[in-house]
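Residue numbers (the working numbering): -5 to 213.
Written below as structure tokens is the structure these notes are about.
Structure below.
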């Protein structure tokens, strides 16, 4: 009763059958590889069957898509690398610019404080007056003056008590309007004297802009 389910020798496949089945399976797998897998996955069709049943086209599309994806990944990596290089170059340039700014700030002395003024003096006939600015040698002042009437005699000059200079002439004349640049020949006071030679009262307006320290009306 215990031997009822034991298979007989007829039920057990022989070694030859096993080998034959293995070879047949290998051949079938190889055939599927050549006729289905290679055409469908890689576009390779040695037998032409894949092309006939449309698998080769499918494989070619897959290969093409894979190649395009690889190219896109390569381009993206190249862009990222280029962007990283650009960022490094910008950072280096910013640091260089900052260093240049600091160097320039250290090398250049502070700009001189420029003063601006507008003053008016009223002169009766034959009356004279002057306005002077205090400047060091080599400093300069831009000026414009004019009268509201006729001409006025003018004398642009300078003086310095410290240097014992009583009078230093820059220019003289008679005009209704004049403008120019007065450059100090020495440390001291430099300015404009006017006299009204007309029969009417006139007003002289003076505008100044420059490297002087103060300005005053000397009556």
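Here a beta-carbon is modelled for each residue, glycine too, at the ideal position from N, C-alpha and C.
Small disclaimer: the values here were computed from a predicted structure and weren't measured.
CA nearest to the CA of residue i, picked from the options
i	options	result
residue 120	191, 210, 8 and 208	191
residue 118	210, 145, 108 and 131	145
residue 161	185, 175, 21 and 143	185
residue 216	188, 38, 52 and 75	Any answer about residue 216 is impossible in this case: the structure gives the chain only from -5 up to 213.
residue 107	157, 197 and 205	205
residue 149	156, 134 and 124	124
residue 199	176, 143, 139 and 130	139
residue 182	134, 65 and 203	134
residue 297	163, 72 and 126	The requested residue 297 does not occur in the structure, where the chain is confined to residues -5 to 213.
residue 154	25, 73 and 129	129
residue 197	143, 40 and 46	143
Residue i - containing beta strand (DSSP E), residue span
i	result
residue 38	Looking at the DSSP string, residue 38 is not in any beta strand (DSSP E), and its letter there is neither H nor E.
residue 154	146 to 154
residue 142	Looking at the DSSP string, residue 142 is not in any beta strand (DSSP E), and its letter there is neither H nor E.
residue 204	196 to 204
residue 207	No beta strand (DSSP E) contains residue 207, which DSSP labels as neither H nor E.
Backbone secondary structure at residue i - three-state DSSP
i	result
residue 182	strand
residue 192	coil
residue 163	strand
residue 228	Residue coverage of the chain in this structure runs from -5 to 213, which leaves residue 228 outside it and unanswerable.
residue 122	strand
residue 136	strand
residue 20	helix
residue 168	strand
residue 174	strand
residue 14	helix
residue 9	helix
residue 128	strand
residue 117	strand
Cβ contact check for the stretch 155 to 170 and the stretch 108 to 118: 3 or more pairs under 8 Å: no
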